[in-house]
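Asks:
In the working numbering, the protein residues as written are 15 to 132.
1. What does DSSP give as the partner residue(s) for residue 56 in the beta ladder?
2. Taking its Cβ as the centre, do 16 or more other Cβ atoms sit within 10 Å of residue 87, making it buried, or is it exposed?
3. On the CB-based measure, 16 or more other CB atoms within 10 Å of its CB, does residue 36 come out buried or exposed?
4. Whole-angstrom Cβ separation of residue 53 and residue 67, contact assumed at under 8 Å?
5. Mark residue 122 as exposed unless 16 or more other C-beta atoms lie within 10 angstroms of its C-beta, in which case mark it buried.
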C-alpha cells in the first residue's frame, strides 16, 4: 500500500463526513496503522484497543449507525463494547470513549489528548 493511497482515503473520509480529521490522527493512520486489518494498542491499564484502518472506518461507523445518533463523532476503534471516538466538530485530537450501547444517552469520557497518548 502506497502512502498516497492512505492520504487519498483519508481525504475521501473528510469529504464524506464534511469535516476535517485531526492532524495527529491522520499522521497516526499513515505512519502506524497503514492498511493493517486492525492495529492494536496496549493501554497502560492492560486493555487492548483495536484501531480501525482508514479503509474500514466508514463501514464500522455505518454498522453501528454512529452518525445517526452522534453526527459529530467518528468511531475510530474498539475494545469489546467500548468504542473510541474523535469529536470532529471540536477539531481537536482528543480521544473519547463510551460503551456503544450508551451512545447518544451518556456523555463520553475523555481518554487522551491524542491517539499517540493512548
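Positions of the beta carbon are idealized from the N, C-alpha and C atoms, including for glycine.
Replies: Concretely, from the data shown:
1. 62
2. Burial call: buried.
3. buried
4. 7 Å
5. buried
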